[in-house]
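Q:
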Amino acid sequence: MSRPIALHGVAALWPIVLIGCAVQDVEPPAERTGQAGAAISVLEAADGGCSTLAVKGLSLQIIAQSNCISPGAFIEIPAAANVTMQDTVFPFLEEPAQAALVAAVTANPRTSMTINSALRTVAQQYLLYRWYQQNRCSISLAATPGTSNHETGLALDISQHDTWRPILESKGFAWLGSSDPVHFDYAGAGAVDYRGTDVLAFQMLWNENHPDDPIDEDGEWGPETEARMIDAPAEGFPIGASCAESPDIFLRAELPTAFDQFADGASMGVSDVFEGDDFEWTVEVENRGTAAAESVDLRLEVDAALTGAAFTIERAASRTAPPAPAGSGTFSSVSADVTIEPLAAGEVAFIHVDLHAAAYSVANDAPASARAFVREVGDHYSATAYGGDVMNDGTQTFAGGRLEASSPIDVYSHVRWSFDSNRREGFIGSVPVEVKGDALEIAAGPVTAGTIAHALTPLTNVAGTPATTLTLRAHRTPATGTAPGTAAIVLLAEDDVDLTAGTRVTIDLPADGALHDVVLSAEDVAALAGRIRRIAFVPFESGSGTAAIDNLQIDGAAIGTETGSAAQSPDLDDSCSCRTPGSNRGHDGSYAVVALLFFPLARRRQRTDARRAVTRRAA
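The numbering used here runs 3 ahead of the 1-based position in the sequence shown.
1. For my contact list, A313 and D357 are in at a C-beta cut-off of 8 Å; report their separation, rounded to the angstrom.
2. Which class does S62 belong to by DSSP, given the choice of helix, strand or coil?
3. Closest by CA to W224, which one among S321, Y132 and P435?
4. Taking V58 and A67 to be in contact with their CB atoms under 8 Å, please state how far apart those CB atoms are, rounded to whole angstroms.
5. Could you check the C-alpha separation between T155 and E229 for me, to the nearest Å?
6. Taking the alpha carbon of E289 as the point to measure from, which residue in V273, F262 and L254 has its own alpha carbon closest?
7. Rounding to the nearest angstrom, what Cα-Cα distance links F95 and A76 in this structure?
8. Can you look up W420 in the DSSP assignment and give me helix, strand or coil?
9. Please list, in chain order, all residues of the same chain as A532 whose beta carbon is under 7 Å from its beta carbon, the five residues on each side excluded.
10. Reducing DSSP to helix, strand and coil, say where H164 ends up.
11. At which residues does the beta strand (DSSP E) containing D221 begin and terminate?
12. With distances taken from CA atoms, which of H355, N138 and F543 is nearest T260?
13. In chain order, what residues of the same chain have a beta carbon less than 8 Å from the beta carbon of P81, not counting five sequence neighbours either side?
14. With a threshold of 7 Å between beta-carbons, can A362 be considered close to chain C, or not?
15. State the start and end residues of the unbroken alpha helix (DSSP H) segment that holds A100.
16. Mind reading off the beta-carbon distance from V92 to N119? Whole number of angstroms is fine, and I expect it under 8 Å.
17. For I65, which residues of its own chain have a beta-carbon under 8 Å away from its beta-carbon, when the five flanking residues on both sides are left out?
18. Can you tell me whether D190 is helix, strand or coil according to DSSP?
19. Count Cβ pairs between the stretch 238-253 and the stretch 283-300 that sit closer than 8 Å; are there 3 or more?
20. Mind the definition here: the stretch 344-352 touches the stretch 390-399 only if three or more C-beta pairs lie below 8 Å; say whether that holds.
21. First and last residue of the beta strand (DSSP E) that includes L130?
22. Quick one: Cα of P481 to Cα of L512, how far?
23. So what's P169 in DSSP terms, helix, strand or just coil?
24. Which residue's Cα is closest to the Cα of V521: L346, T509 and G292?
25. To the nearest angstrom, how far is the alpha carbon of A366 from that of Q556?
26. DSSP has Q68 in a bridge; who is on the other side?
27. Assuming I412 contacts S274 under a Cβ cut-off of 8 Å, what Cβ separation, rounded to an integer in Å, is found between them?
28. Return the CA-CA distance between T150 and Y129, expressed in angstroms with no decimal places.
29. A308: which of L258, L301, Y135 and A369 sits nearest, CA to CA?
30. Whole angstroms are fine: how far does the CA of Q137 sit from the CA of A319?
31. What first and last residue would you give for the alpha helix (DSSP H) that runs through G51?
32. Just checking my contact of A360 with G279 at CB under 8 Å: how many whole Å lie between their CB atoms?
33. Please name the residue or residues paired with T91 in a DSSP beta bridge.
34. Using 8 Å as the Cβ pair cut-off and three pairs as the minimum, do the stretch 493-506 and the stretch 533-545 touch?
35. Starting from F205, trace the alpha helix (DSSP H) in both directions and tell me its first and last residue.
36. Would you give the residue range spanned by the beta strand (DSSP E) that L495 belongs to?
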C-alpha cells in the first residue's frame, strides 16, 4: 500500500557517506559484457552473467522515475573529447555534481579522464550484492541495495585519480582516500544525498505495473522490495516512468542588504549587522512543479536577538517576469504566518521582511538566525515546526524533501566587545590576535623603532558625552627578562587608521598576568566626549610580551551623532545616522583578515589631554 514518506528530527537528508561507499562499496572489475544472457527477470540476469548491463532497461526506467520524483536528481554526463567511459557506465550524476564535472573537464581539455563508474541504480546494486553474497564475478565486497554512494548521483570513479584529484577537489569533489583511490564524492554547493530515491522509483514502477500486488512506497530496501526486484523484468516494465502533475515548492532565504563583514572564527559566511540596524530579509517561494498549489502556508520566525516588523509580498509569473505587489502583513515580534494562494506552476512569490537587530548576539557560540518553513502544501506536505516532523508524499523535492531555509546573522555592537565566543568581533592587530578562553589574545613581539604593536576595534561611530566612560578589562605579561613599560589606549576620531593622529592615553595596567579593570572617563579624557571611530589597545609601549582583552565597553554614549543630543554637526554627513538602513554602515569588510600594520612614532604629536586613569583590580 502506498504511503507518504515521513521525515523525523532535524535532518531530513541521509548522511553522505564518505568512507567507502557505505559498506566500502568496492568498484567491481571491468565487466564481461558478453556473458549476460537474454534474461527475463532480474534474478535470472543476476544468475546468468556478470554484467550490470543486463538490467539496463529497468535501470533507465528507474532513472526516469527518479527524475519524476526529484527533477534534476540524475542528469546525463555529456560526451567530451577528453573523456572515455566503459560500456557498462551509466553516465548520470546529480545536477550540481554533473555541472561541476563538466566544468572541470571543459577547463582541462588536454587532460584525459577515464570514468569507470558513476550512477548505479538499485537494480544494478542488487546484482553486485548478490554476486558478492555468492562469491561470484570477482566481487569481494558490495553495499546493500539502497545504501551505495553510487546510488546518490554524487559518486564518481576515475582511473587517473592522481592527475584529476586537485582539479576535482577545486570543483567541490572530495577524494575518498587511499582505501579506494579511484573514488570521488561531490560535496560542493547544492549537493543533495538522493539515497533511497532509486528504491522509491522502483517501488512506484512496480505498483504502477502490479496494482494487484502493491508494496510500500517508502524508499527503503527491505524483504518486500527485494522479493519484487528479483521478479521484475530486467529489460524494464511494460508501463514506464510517469511524472504525475503536482506542485513542487522551493525556498530561498537571503539578506540582500547585510554582508559578512568580518568572517572571523565561526562567523565565516554569516551576515554581520550591528545593534540598532534595520535590514531586509527576503524569502522566495517558487513552484517548480507541474501543477498549481492551492495554497502554501509558511511560518517566518527569528531569534530573540532580532525582531520583525512589517513585510510585503510580491509575485511574478516566472523567475524572469517582473514582480508585482501582492499584499503585506506584520510580525508579532518574532514570528509571522504567511499564506500564498494559489501559487501557479512556475510562479514565484517574494516576501520582503523588515528586520531589526535588537541585541548583541556574538557572545553566543551559534549565530542568531531568521528562519522560514512551509507548514502545509495541500495534501502533499506538512511540517510541525522548523526542524520538526514532516509529512511528504514524495512530490516535494527541495532540500531532500524538507521545505525550510534559514539565514544566519551575527549581531555586533558599536560599544562593547566581550569575546565570549570564538569570533574576533571585527578586531584586527598589527601583531597576531586570536580568541582563546573568552579573551582576545595579543602576541606583541619586540617593539622596534617606528612601530606600535596594537589591537584595533572595527569601525564604529560613537558620539561621546560628558558622562561617557570606557572600561577595559585586560591583562598583560612581559617577555622574560624584559621591562614591561607602560600600556596605552588610543582613541581615533577619523576613519584613517593612524595611531599617531589619535588621542593617546597611557593607562595603569599592571604587567602581572592578572586581569585588571581600567576605567577612563570623559571628565579625565576630553576625547571621550567627542566622536570615536576606532579604539586601539597598545599593551606595550616599549618591550614585548603577551596580553589579552577580556572585555572592552563604552557607556554613556550615543551612536551615529556628533554629540549625545539629537542635533547633528554639519561635518558628520558620513556618519552612520545618514546611511541606508541595512547597509554596511561604514564597517570595512577588510577586517576579515589580520593585517600587520606599523605606524611611525616620529610623527607622534604631543597630547594635552589628561592621562589620568582609574585602575581597579578585578575581583
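Idealized CB from N, CA, C, for every residue including glycine.
A: In short:
1. Within the sequence shown, numbered from 1, the residue matching residue 313 stands at position 310. Within the sequence shown, numbered from 1, the residue matching residue 357 stands at position 354. At roughly 5 Å, the Cβ-Cβ gap stays under 8 Å, so A313 and D357 are in contact.
2. The residue given as residue 62 occupies position 59 in the sequence shown. S62 falls in the helix class under three-state DSSP.
3. As a working mapping, residue 224 is identified with position 221 in the sequence shown. Minimum Cα distance to W224 is reached at Y132.
4. Here residue 58 is taken as the residue at index 55 of the sequence shown, counted from 1. Here residue 67 is taken as the residue at index 64 of the sequence shown, counted from 1. The Cβ separation is near 14 Å, so there is no contact.
5. Taking the sequence shown and counting its residues from 1, one reaches residue 155 at position 152. Taking the sequence shown and counting its residues from 1, one reaches residue 229 at position 226. About 19 Å.
6. Counted from its first residue, the sequence shown places residue 289 at position 286. The candidate whose alpha carbon is nearest that of E289 is L254.
7. Looking up residue 95 in the sequence shown gives position 92. Looking up residue 76 in the sequence shown gives position 73. Taking the straight line joining both Cα atoms gives about 9 Å.
8. Numbered from its first residue, the sequence shown carries residue 420 at position 417. Looking at W420 - three-state DSSP - the assignment turns out to be strand.
9. Looking up residue 532 in the sequence shown gives position 529. Excluding sequence neighbours, A532 sits near G467, T468, P469, T471 and A525.
10. Taking the first residue of the sequence shown as position 1, residue 164 is located at position 161. Of the three classes helix, strand and coil, the one that applies to H164 here is helix, per DSSP.
11. One-based indexing of the sequence shown puts residue 221 at position 218. Taken as a continuous stretch (DSSP letters only), D221 belongs to no beta strand (DSSP E), as it is neither H nor E.
12. The sequence position of residue 260 within the sequence shown is 257, counting from 1. Nearest C-alpha to T260: H355.
13. Along the sequence shown, read from residue 1 onward, the residue named residue 81 stands at position 78. The answer, listed in chain order, is V105.
14. The displayed structure is made up of one protein chain only, and chain C is not part of it.
15. Looking up residue 100 in the sequence shown gives position 97. E98 to A110 is the extent of the alpha helix (DSSP H) around A100.
16. As a first step, residue 92 must be located in the sequence shown, where it is residue number 89. As a first step, residue 119 must be located in the sequence shown, where it is residue number 116. About 7 Å; that satisfies the 8 Å criterion.
17. Looking up residue 65 in the sequence shown gives position 62. T124, V125, A126, D201, A204, F205 and L208, listed in sequence order.
18. Here the question's residue 190 lines up with position 187 in the sequence shown. Reading off the sequence, residue 190 comes out as Ala, not Asp. Coil.
19. yes
20. no
21. Numbered from its first residue, the sequence shown carries residue 130 at position 127. Run containing L130: none in the beta strand (DSSP E); it sits in the alpha helix (DSSP H), V125 to Q136.
22. In the sequence shown, residue 481 corresponds to position 478, counting from 1. In the sequence shown, residue 512 corresponds to position 509, counting from 1. Near 12 Å, if we compare the C-alpha coordinates of L512 and P481.
23. For the purposes of this step, residue 169 is taken as residue 166 along the sequence shown, with counting starting at 1. Note: P169 maps to helix in three-state DSSP.
24. Stepping through the sequence shown from its first residue, residue 521 is reached at position 518. Looking at the Cα atoms, T509 is the closest of the given residues.
25. On the sequence shown, position 363 is the one that residue 366 refers to. On the sequence shown, position 553 is the one that residue 556 refers to. Approximately 14 Å between the Cα atoms of the pair.
26. Translated into positions along the sequence shown, residue 68 becomes position 65. Q68 pairs with nothing; no bridge assigned.
27. To locate residue 412, count along the sequence shown from 1; it is residue 409. To locate residue 274, count along the sequence shown from 1; it is residue 271. With a Cβ gap of about 5 Å, I412 and S274 count as contacting.
28. Residue numbering aside, residue 150 sits at position 147 when the sequence shown is read from its first letter. Residue numbering aside, residue 129 sits at position 126 when the sequence shown is read from its first letter. One C-alpha to the other measures close to 11 Å.
29. Residue numbering aside, residue 308 sits at position 305 when the sequence shown is read from its first letter. Minimum Cα distance to A308 is reached at A369.
30. Translated into positions along the sequence shown, residue 319 becomes position 316. Translated into positions along the sequence shown, residue 137 becomes position 134. Cα to Cα, A319 sits roughly 58 Å from Q137.
31. The residue labelled residue 51 in the question sits at position 48 within the sequence shown. Run containing G51: V45 to G51, per the alpha helix (DSSP H) assignment.
32. By 1-based counting over the sequence shown, the position of residue 360 is 357. By 1-based counting over the sequence shown, the position of residue 279 is 276. Contact flag correct, Cβ pair sits at about 6 Å.
33. Working through the sequence shown from its first residue, we reach residue 91 at position 88. T91 pairs with nothing; no bridge assigned.
34. yes
35. The count along the sequence shown starts at 1 and reaches residue 205 at position 202. It spans T200 to N212 - the alpha helix (DSSP H) in which F205 sits, taken as one unbroken run.
36. Position 492 of the sequence shown holds residue 495. L495 -> beta strand (DSSP E) spans A490 to L495.
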